[in-house]
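The structure appears right after this line, and notes come after that.
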Amino acid sequence: MAALRSDEYKEHEATKKIAIVTDNAPAHSNVEKLAHQMLAQDEIVNLNKLEMLRLGPYSPIMNPIEGCWNSLKARIKRFAAEPKNEMMIRGECGYFYGAAYEHLERSVYR
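Using the numbering used here, the letters of the sequence shown map in sequence onto residues 47 to 156.
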């Protein structure tokens, strides 16, 4: 939504439709309402230019970020399977969070 506030958007893209794609996760249930509120509040676009596209249930193939989350969760499970005492002794907790973030970035951009 922040991109909609940019001068570039206002200058070049203001006439085009805006599509927001969401899956059916419970956290996304209010996305349409929030988007309408933000756009109306900022007077950025005519609200009929906003189009909500909801993915079908159980369709991770249509949502590429799901692969990233699955990969990250698998890595966390492998790492978390190690005894906690060993992690603390070796001091790898801080390393783990940095490595997990890097792994997520690589998953997104591949």
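C-beta: ideal position from N, C-alpha, C; glycine also.
Cβ pair Asn70, Leu96 closer than 8 Å: By one-based count along the sequence shown, residue 70 stands at place 24. By one-based count along the sequence shown, residue 96 stands at place 50. No Cβ-Cβ contact shorter than 8 Å links Asn70 with Leu96.
Three-way DSSP call (helix, strand, coil) for Ala65 in this model: Reading the sequence shown from its first residue, position 19 is the one you call residue 65. Here Ala65 sits in strand by DSSP.
Neighbourhood of Ile122 by C-beta, 7 Å cutoff - its chain only, sequence neighbours within 5 removed: As a working note, residue 122 is residue 76 in the sequence shown. Counting only Cβ-Cβ distances below 7 Å, and skipping sequence neighbours, we find Ala146.
First through last residue of the beta strand (DSSP E) which encompasses Met98: Counting from 1 along the sequence shown, the entry for residue 98 is found at position 52. Met98 -> beta strand (DSSP E) spans Leu96 to Arg100.
Inter-residue CB distance, Glu112 and Pro106 (contact presumed, cutoff 8 Å): Walking along the sequence shown from the start, residue 112 turns up at place 66. Walking along the sequence shown from the start, residue 106 turns up at place 60. Their Cβ separation, rounded to whole angstroms, is 4 Å, which keeps Glu112 and Pro106 in contact under 8 Å.
Own chain, CB closer than 6 Å to Lys63, minus 5 neighbours either side, in chain order: Within the sequence shown, residue 63 is the residue found at index 17, counting from 1. For Lys63, where only same-chain residues beyond five positions count, the Cβ hits under 6 Å are Lys95 and Glu97.
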